[in-house]
Each structure stands twice: as structure tokens, then as C-alpha cells.
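> A single structure is presented below for examination.
Number of protein chains: 2
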Amino acid sequence: MKKYRLGIEATLEILGGKWKALIICLLMSGTKRTGELQRLIPGISQKVLVQQLRELERDGVVGRHEYSEMPPKVEYYMTEYGVTANKIIDIMCSWGRDNIKIRQQQGEDIELLGKEQK
Amino acid sequence: MKKYRLGIEATLEILGGKWKALIICLLMSGTKRTGELQRLIPGISQKVLVQQLRELERDGVVGRHEYSEMPPKVEYYMTEYGVTANKIIDIMCSWGRDNIKIRQQQGEDIELLGKEQK
DNA sequence: TTCAGTACATACCTGCAAGTAAGTATTCAG
DNA sequence: CTGAATACTTACTTGCAGGTATGTACTGAA
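Chains A and B are the protein sequences, given in the same order.
Residue 2 in UniProt numbering is what sits at position 2 of the first sequence, and the numbering runs on without skipping anything.
Residue 115 in UniProt numbering is what sits at position 115 of the second sequence, and the numbering runs on without skipping anything.
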């Protein structure tokens, strides 16, 4: 019997992996192929990418569509349920961005890459 | 130079520790002493509690007030900045609770302890 | 003079998420 | 029949968050 003390624990299990939020952000803007994700996330290894995608799939957040073609082609997309996480991701992103700004103003040597919209 | 790809990474660094969200939830409802927190979080070790509190303090989320009394007395509380995380914590909690409910309906052997309000 | 209460620190250990590197399967193009 | 392209496995290694156990400092009560 698995026990949670707070709902947030379940949330962190699903979205708290090192790369999961990033993967979700990318899939939010549309279906992506495996190799595409890999190119969009420099630094992640293939093993870990597949692993995180499998976990997100298991948790019902992303879907996987395998075309029976050769060479292989697999696409990942947000499920209907996964899209409900949108609000969380957005809030966490904007709070984090604010936090980074504050720390920059305090002279910390940090940077937010890319221009996240909003 | 520390680099972030998305704001959410900074958020997870601050709120993503194993016990941090729980600590914040408890402090949301008022100032607490060290020992009090320890009693409210069965399972956490003293070392880790202190460690997480220090990190939250370093990140400006909680404040620490030390009374110069004997025996020692220390109190922790949410800072003005920390309170801005309220919305995140709430959303993550409610999304997680929904997730747990769904999984229970699917017959998974999990449970949400305590009766979180709302 | 020993113990209880409080809030730590310090040293050491462990498990698991993540990283590295190499192998598998399939088909078509040349 | 070799190599490229794609999407994976599998085996091994590493780093570090978190856990365990014990020590320190201070004072008043018994």
C-alpha cells in the first residue's frame, strides 16, 4: 500500500523528474518524434529520454503512436489528461522565472536560456 | 554560470526536495518550532529536516528566528516571498489529489493520508 | 552529579536516478 | 553486402540526496 501525505507528493512523482517538465513543455506545443525531442533537449541521453517518456506514458500524461514503417517512426503527444497539467507547468515556470530574475538582480551568476514566452 | 532552460527548473530546485513541500504546507498554517515540525513529519530525520530548512531559508522561502534562551528555542515561518509560492503548492496539491483519486478508481492500492481541505 | 530538554553538527553508509557506451532490429539505397 | 537511418535495449558505472548513529552545548531540576 503506497501512502501519500499530501497531493503534491503524487504531483512531484509524475512531474518532478529531471527532464519531465521540459519534455511536457515541448509536447505542449505539438506532437514530436523521438529523435526530434532528443535534438531539442541537448544533454539528455537516449536511455533517459526513453525512460522518462515511458514513465509519462505509464502515468497517462503522454501518448505514444508507433507507425509500422521502416525505418521506424514513433510520435509522442500530450493526452487529454496530460493537458490538465498545463496550468501547473505554467505556474511553476512563471514562478521560477521570477525567482531567477530576483537572483540575477542580487548578482547571482545565473541565466535563463531561450526566450520563454509570457 | 548556472543555466536554466525553463523557469520550472528553478522552481523544482527550490520546492522539489523530498520533504520541502510538506514543510511549506505546515508552515503555511503558522510559525512552528523545530521539534514541532519533527513531530508533525514522522519519518523525517533531524539531519534532513535541518538541512531542508536551511536550504529553504537560503532560498528566501522561510525565515528563522532564534531566541537566546536556555533551553534553545528556534522558530520557522514563511517569509513574504515564500508566501508567493502558495498558489503553486495549492495547485500541485489539488492536481495530485485528483491523480490519486483516479488511480484509486483504477484499483491501485494507494491512499492519501489525512484530510487535506478543499 | 546525573539526567532531561532543545537544537543542532559530524561522520559514515546506502540506494537509486541518471550517465556512458555498446549492441539489436529492420529496410532501402548504392 | 555495406552503410545509413531510426528507435530502441542492455550492462555497467557514478554521484549525491537522503538515512543512521552518535556527539556537542547549555541550563535547571532532582
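Beta carbons are placed, not taken as given, at the ideal position from N, Cα and C, and that holds for glycine.
What you are looking at is a predicted structure, and each value in this text was computed from that prediction instead of being measured.
Where does the unbroken beta strand (DSSP E) through G16/B begin, and where does it stop?
Stepping through the second sequence from its first residue, residue 16/B is reached at position 16. Neither: G16/B is in no beta strand (DSSP E) and is coded neither H nor E.
> Nearest to E9/B by alpha carbon, out of V62/A, T11/A, K2/A, K20/A?
On the second sequence, position 9 is the one that residue 9/B refers to. Measuring from the Cα of E9/B, the nearest candidate turns out to be K20/A.
> Between D90/B and chain A, is the shortest Cβ-Cβ distance under 7 angstroms, so that the two count as touching?
Looking up residue 90/B in the second sequence gives position 90. D90/B does not count as touching chain A.
> Any idea which residues DSSP pairs I110/A with across the strands?
Position 110 of the first sequence holds residue 110/A. Per DSSP, K2/B.
> What are the start and end residues of each continuous alpha helix (DSSP H) run of 4 or more residues lying completely inside the UniProt domain "HTH hxlR-type" (6 to 104) of chain A, in chain order?
Entirely contained in the UniProt domain "HTH hxlR-type" (6 to 104) of chain A, the alpha helix (DSSP H) runs reaching 4 residues are, in chain order, 7 to 15, 20 to 28, 34 to 40, 46 to 58, 80 to 83.
> Does the beta-carbon of N86/B have 16 or more other beta-carbons within 10 angstroms, so that it is buried, or is it exposed?
Walking along the second sequence from the start, residue 86/B turns up at place 86. Under this definition N86/B is an exposed residue.
> If you check the beta carbons only, do G7/B and T11/A fall under 7 angstroms apart?
Against the second sequence, residue 7/B aligns to sequence position 7. Against the first sequence, residue 11/A aligns to sequence position 11. In this structure, T11/A does not lie closer than 7 angstroms to G7/B by Cβ.
> Is it the case that the Cβ atoms of V62/B and Y81/B are separated by a distance below 7 angstroms?
Walking along the second sequence from the start, residue 62/B turns up at place 62. Walking along the second sequence from the start, residue 81/B turns up at place 81. Cβ atoms of V62/B and Y81/B: not closer than 7 angstroms.
> Go through its chain and collect everything with a Cβ distance to R64/B's Cβ below 6 angstroms, but skip five positions before and after it.
Position 64 of the second sequence, counted from the start, is the residue given in the question as residue 64/B. The residues are E57, Y76.
> Alpha carbon to alpha carbon, how far is T34/B from P72/B? Give it in angstroms, no decimals.
By 1-based counting over the second sequence, the position of residue 72/B is 72. By 1-based counting over the second sequence, the position of residue 34/B is 34. Computed Cα separation, rounded: 10 angstroms.
> What residues of chain A sit near E111/B, judged by a beta carbon separation below 9 angstroms?
Here residue 111/B refers to the residue found at position 111 of the second sequence. Within chain A, the residues near E111/B are M1, K2, K3, Y4.
> Under 7 angstroms, Cβ to Cβ, is there at least one residue of chain B near N99/A?
By one-based count along the first sequence, residue 99/A stands at place 99. Answer yes: the Cβ-Cβ gap between N99/A and chain B drops below 7 angstroms somewhere.
> Is L27/A closer than 7 angstroms to M78/A when the C-beta atoms are compared?
Position 78 of the first sequence, counted from the first residue, corresponds to residue 78/A. Position 27 of the first sequence, counted from the first residue, corresponds to residue 27/A. Cβ atoms of M78/A and L27/A: closer than 7 angstroms.
> Comparing the C-beta of W19/B with each C-beta of chain A, is any distance below 7 angstroms?
Stepping through the second sequence from its first residue, residue 19/B is reached at position 19. With 7 angstroms as the cut-off, W19/B does not count as an interface residue toward chain A.
> Check whether the Cβ atoms of Q52/A and G30/A lie closer than 7 angstroms to each other.
The count along the first sequence starts at 1 and reaches residue 52/A at position 52. The count along the first sequence starts at 1 and reaches residue 30/A at position 30. For Q52/A and G30/A, no; Cβs fall outside 7 angstroms.
> Just the C-alpha distance for R103/B and I41/B, rounded to the nearest angstrom, thanks.
What you label residue 103/B is simply residue 103 of the second sequence in a count that begins at 1. What you label residue 41/B is simply residue 41 of the second sequence in a count that begins at 1. Near 25 angstroms, if we compare the C-alpha coordinates of I41/B and R103/B.
> Would you report the Cα separation of R5/A and M70/B, rounded to the nearest angstrom?
Within the first sequence, residue 5/A is the residue found at index 5, counting from 1. Within the second sequence, residue 70/B is the residue found at index 70, counting from 1. Their backbone Cα atoms lie some 34 angstroms apart in a straight line.
> Can you tell me the Cα-Cα spacing of K32/B and V83/A, whole angstroms?
The sequence position of residue 32/B within the second sequence is 32, counting from 1. The sequence position of residue 83/A within the first sequence is 83, counting from 1. Taking the straight line from one Cα to the other gives about 37 angstroms.
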